[in-house]
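Q: Sending over a structure as structure tokens; questions will come in a sec.
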Amino acid sequence: MHKNINNLSVVELQDRPEFTEKCINYIWTEWKYDYFFHTPYTTKELLCKYIVKEDATENHDSVKNEFPKVFLLLEDNQSLVSFLMIDTDDCDMKKYVNTTTENTIWLCNLYTLPEHRKKGYMTYLLFHVTHNIHILSKFCKVTEKIEIYLWTEHQHLLNYYRKLGFSMFEKLPKVFDSNKAGTTTKYIMIYPVPILSKYSTLQY
Ligand SMILES: CC(C)(COP(=O)(O)OP(=O)(O)OC[C@H]1O[C@@H](n2cnc3c(N)ncnc32)[C@H](O)[C@@H]1OP(=O)(O)O)[C@@H](O)C(=O)NCCC(=O)NCCS
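Counted the way the working numbering counts, the sequence shown spans residues 4 to 207.
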């Protein structure tokens, strides 16, 4: 794991808007084809508007608690090392999940800056977000079972996610993807969160 976790903090992008451009640039570089082909956010600008909820003029407090939400992991409260987003779906993958509950969250855009990889930062951030009752209760009924999903095309990450507690939910059929220079397979993984009560101490 990383040497010192005391200098790490998790903050929401809406509270540190100075990181917006950087995050959107990384997301667009990494996932632009997925957004382009599978969402209405076909440009970086549209995606940015969606993520920062630029069109929302309503009551700020209610907007604050709405999906999507980006969580940043900062070192010394000032340098960005990792981030991830939670949402109700990710690039139209929800349709493959025939679940009986609406109590679901999708983890999207998991990203650690290249120079900070393999130090345990994403493990820390992921655990923080998925085990924090204060975060989850804004989006889910924590008194019911919560299902957290993610999808990946990176076979080499499957064991990593398994180690974190995810299990394989579905392997989609191979498709040819000219944008990604070959065939790709999407894997959907699930992380079931146990029923929590408001007295739960489950918080990282
Ligand atoms: C996937 C990604 C988010 C992982 O972030 P990360 O911060 O490097 O993740 P971690 O450090 O928590 O763990 C990554 C690996 O480093 C290992 N690791 C953790 N701490 C380590 C350390 N101190 N020394 C060496 N390895 C370490 C972990 O065990 C894990 O290895 P494994 O795959 O063999 O299990 C990052 O590689 C990334 O941003 N990739 C590009 C975007 C992407 O593909 N995102 C995922 C889309 S599904």
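Idealized CB from N, CA, C, for every residue including glycine.
Using the three-state DSSP reduction, which class does V73 fall into: helix, strand or coil?
A: Three-state result, V73: strand.
Q: Hey, is M96 close to ligand 1, as in C-beta under 6 Å from one of its heavy atoms?
A: It does not: the Cβ of M96 is nowhere closer than 6 Å to a heavy atom of ligand 1.
Q: CB-CB under 8 Å to E173, same chain, minus the five flanking residues each way: which ones, in chain order?
A: Cβ neighbours of E173 beyond the five flanking positions: Y99, V100, Y190 and I191.
Q: What's the gap between the Cα of T23 and the Cα of Y114?
A: Cα-Cα distance, rounded: 14 Å.
Q: Just checking, does the segment 147–159 make contact with the segment 103–117 on the three C-beta pairs under 8 Å criterion?
A: The answer is yes - the segment 103–117 touches the segment 147–159, with three or more Cβ pairs under 8 Å.
Q: Return the CA-CA distance between I30 and N112, expressed in angstroms with no decimal places.
A: Cα-Cα distance, rounded: 6 Å.
Q: Between the beta-carbon of L116 and the beta-carbon of S12, is there less than 7 Å?
A: No, the Cβ-Cβ distance between L116 and S12 is not below 7 Å.
Q: Using the beta-carbon count (16 or more within 10 Å), is Y163 buried or exposed?
A: The residue is exposed, with fewer than 16 neighbouring Cβ atoms inside 10 Å.
Q: Just to confirm, does Y53 get its C-beta within under 6 Å of one of the non-hydrogen atoms of ligand 1?
A: False, no ligand heavy atom lies under 6 Å from that Cβ.
Q: Are G168 and Y127 touching if we call contact CB-CB under 7 Å?
A: Result no, Cβ atoms of G168 and Y127 do not sit closer than 7 Å.
Q: With H, G and I counted as helix, E and B as strand and the rest as coil, what does DSSP make of C111?
A: Strand at C111.
Q: Can we say the segment 14–21 touches the segment 72–88, given the rule of at least three CB pairs closer than 8 Å?
A: Because the criterion of three Cβ pairs below 8 Å is met, the segment 14–21 and the segment 72–88 touch.
Q: Under a three-way DSSP split, which group does T187 fall into?
A: Strand, per DSSP.
Q: Around the C-beta of T133, are 16 or more other C-beta atoms found within 10 angstroms, so that it is buried, or is it exposed?
A: Under this definition T133 is a buried residue.
Q: From L153 to I27, what distance separates their C-alpha atoms?
A: Between L153 and I27, the C-alpha separation is close to 19 Å.
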